[in-house]
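Let me begin by presenting the structure, written as structure tokens, before commenting on it.
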């Protein structure tokens, strides 16, 4: 098949701005581009997008109002508009291979970046990979939660043991405090004897003992030689006990 004009280091291409009201149902090739078409014009051409979609369109020659020769791609342009979801103002690029194929891409009018729409097979493949990644992520999350639970149980056990030891220590301390209080109470309950009372009691005991001694000695002493005993409390001078 004869190819159109080719220039060294030059790829034949043309650009169009998509305007819904002016583009119509067909794609009209620029007049300046007709020289790149092959002499033997193919009946159909292939349009291939960078996303992998392929369309077959008819290529026809027609004459304009000024009898200028034009070429138009028909019977398929509407399908391209729908499949690629073209918006008014999108910048279209058509690159011709010199035979019968146009490579087609879209530049968004806001960002002027190439717009890529994945085919259904690619989208399904990507979705499957995404689902697999989500499952793996969920599995990792479960493992992470299990590890956290183990750590939590271990720490909880240690905390409980520490609490038990603390409770036992507190109980033991309370018992010791209670014992100390009991000892203090017992000490407080012991009556404090008055010094005067004790001294008087001791004096009576001594006096009784002396009486017994006197009773024993009265038969040994001379009855004609009387004697008596005095017991004086050094702390209480007023206390004086005399006995014959």
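Numbering (the UniProt record's numbering), first residue to last: 1 to 244.
Cβ coordinates follow ideal geometry from the N, Cα and C atoms, glycine included.
It should be emphasised that the depicted structure is a prediction, and the values quoted were computed from it without experimental measurement.
Exercise for review: Identify, in the order they occur along the chain, each residue of the same chain with its Cβ nearer than 6 Å to the Cβ of residue 49, setting aside the five sequence neighbours on each side.
Suggested key: 104, listed in sequence order.
**Study point:** Helix, strand or coil at residue 68 according to DSSP, with G and I counted as helix
**Key:** In the structure shown, residue 68 sits in coil (DSSP, three-state: anything other than H, G, I, E or B).
Review point. Taking the alpha helix (DSSP H) that residue 23 falls in, what are its first and last residues?
Key: Element bounds for residue 23: 20 to 23.
Point to revise | Rounded straight-line distance, which links the Cα of residue 84 to that of residue 90 | key: Note on geometry: alpha-carbon atoms of residue 90 and residue 84 lie some 11 Å from one another.
Point to revise | Helix, strand or coil at residue 81 [DSSP, three-state] | key: Residue state for residue 81 is assigned as helix, using DSSP reduced to three classes.
Practice item. Output the boundary residues of the beta strand (DSSP E) element that contains residue 47. Key: Segment 44 to 49, the beta strand (DSSP E) holding residue 47.
Point to revise | Proximity winner among 60, 77 and 96, relative to residue 44 (alpha-carbon distances) | key: Checked all of 60, 77 and 96; the closest Cα to residue 44 is 60.
Review point. Nearest CA to the CA of residue 11: which residue from 101, 108, 97 and 114?
Key: Residue 11 has its Cα closest to that of 97, out of 101, 108, 97 and 114.
Review point. When you compare each of 31, 110 and 94 to residue 66 by their alpha carbons, which one comes out closest?
Key: The shortest CA-to-CA distance from residue 66 to any of 31, 110 and 94 is the one to 31.
Check your understanding: For residue 47 versus residue 80, is the C-beta distance shorter than 8 Å?
Key -> Yes, the pair counts as a contact, with Cβ atoms nearer than the cut-off.
Point to revise | Sequence-distant residues of the same chain with beta carbon closer than 7 Å to residue 55, five excluded per side | key: Sequence-distant partners of residue 55 (beyond 5 residues in either direction) whose C-beta falls short of 7 Å from its own C-beta, in its chain, are 47, 76, 79 and 80.
Check your understanding: What are the boundary residues of the beta strand (DSSP E) that includes residue 108?
Key -> It is not in any beta strand (DSSP E) - residue 108 carries neither H nor E in the DSSP assignment.
Check your understanding: By Cβ distance below 7 Å, which residues in the same chain neighbour residue 197 in space, the five residues on each side in sequence not counted?
Key -> Legend: pLDDT at residue 197 = 48, less than 50; position of this residue unreliable, value from coordinates given subsequently. Excluding positions up to five away in sequence, the list is empty.
Check your understanding: Would residue 19 be called buried (16 or more neighbouring beta carbons within 10 Å of its own) or exposed?
Key -> If you draw a 10 Å sphere on the C-beta of residue 19, you find fewer than 16 other C-beta atoms in it, and that means exposed.
**Study point:** Neighbour-count burial assignment, residue 36, 16 or more Cβ in a 10 Å radius
**Key:** Residue burial annotation: residue 36 is buried, with at least 16 other C-beta atoms found within 10 angstroms of its C-beta.
**Study point:** Closest residue to residue 62 among 86, 82 and 26 (Cα-Cα distance)
**Key:** Nearest of 86, 82 and 26 to residue 62, Cα basis: 26.
Check your understanding: Using DSSP with H/G/I as helix, E/B as strand and the rest coil, what is residue 14?
Key -> Strand, per DSSP.
Exercise for review: My understanding is that residue 74 touches residue 57, with C-beta atoms under 8 Å, so please give their C-beta distance in whole angstroms.
Suggested key: With 8 Å as the limit, residue 74 and residue 57 qualify as a contact, their Cβ atoms being about 7 Å apart.
Practice item. Keeping to the same chain, check which residues put their C-beta closer than 7 Å to that of residue 13; ignore five residues upstream and five downstream. Key: Counting only Cβ-Cβ distances below 7 Å, and skipping sequence neighbours, we find 93, 94, 95 and 96.
Check your understanding: Which two residues bound the contiguous beta strand (DSSP E) that contains residue 57?
Key -> 54 to 63 is the span of the beta strand (DSSP E), which, as asked, contains residue 57.
Check your understanding: Under 8 Å, do residue 107 and residue 113 count as touching if we go by C-beta distance?
Key -> At the C-beta level, residue 107 and residue 113 come within 8 Å of one another.
Point to revise | Residues that residue 114 bridges to, as DSSP identifies them | key: As computed with DSSP, residue 114 is found in a beta bridge with 107.
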